[in-house]
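What follows is a set of notes on a single structure, which appears directly below.
In our numbering, the protein residues as written are 374 to 513.
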């Protein structure tokens, strides 16, 4: 293994920061959707709204996990940079390896969350195509 320098973890630092920004944006959109679903449920507690709420709860938990793993990865990148700085090369390499594993985990959870989101949208679109969903604007 080549010697780990300060630039190696620093390269990952910017990538992880951008990923965390994307995760935060996703979380904020979920927060807005939760408020909308709550209002919709209070007005008309339908089965589809309950199913959406349950699905959203799963997605929020996955998003929390993604963010936690991403933050831990970023934290360990900084620790790795510090260890390089104080001359603990071998320990720095191991810490950086754990940071990479955490980032892989975060991306894997993100992939799973995207699958769930896509499946949810497909079900919702399917109900509209079959005429099972009636828009509030077209109430009889």
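A virtual CB, placed ideally from N, CA and C, is assigned to each residue, including glycine. Fair warning: this is a prediction, and the values are worked out from it, not measured in the lab.
Here residue 439 is buried. Its C-beta has 16 or more other C-beta atoms within 10 Å.
Assigned with DSSP and collapsed to three states, residue 499 falls in helix. Remark: C-beta atoms of residue 403 and residue 429 approach each other more closely than 8 Å. For residue 385, the enclosing alpha helix (DSSP H) begins and ends at 380-416.
Spatial neighbours of residue 479 in its own chain (CB-CB distance under 6 Å, excluding positions within 5 residues in sequence) are listed in chain order as 439, 442, 443. Bounds of the alpha helix (DSSP H) holding residue 446 are 420-458.
Using a C-beta cut-off of 8 Å, the region 467-479 makes contact with the region 383-392, since at least three inter-stretch Cβ pairs fall below that distance.
Counting only residues of its own chain and dropping the five nearest sequence neighbours on each side, residue 466 has a CB closer than 6 Å to the CB of 377. Between the alpha carbons of residue 471 and residue 445 lies a distance of about 9 Å. The DSSP-derived three-state label of residue 377 is coil.
Taken through DSSP and simplified to helix, strand or coil, residue 461 comes out as coil. Residue environment for residue 484: exposed (fewer than 16 other C-beta atoms within 10 angstroms of its C-beta). Around residue 491, the same chain offers no residue with a beta carbon nearer than 7 Å, after the five sequence neighbours per side are excluded. Of the candidates 503, 393, 380, 434, 393 places its Cα closest to the Cα of residue 447.
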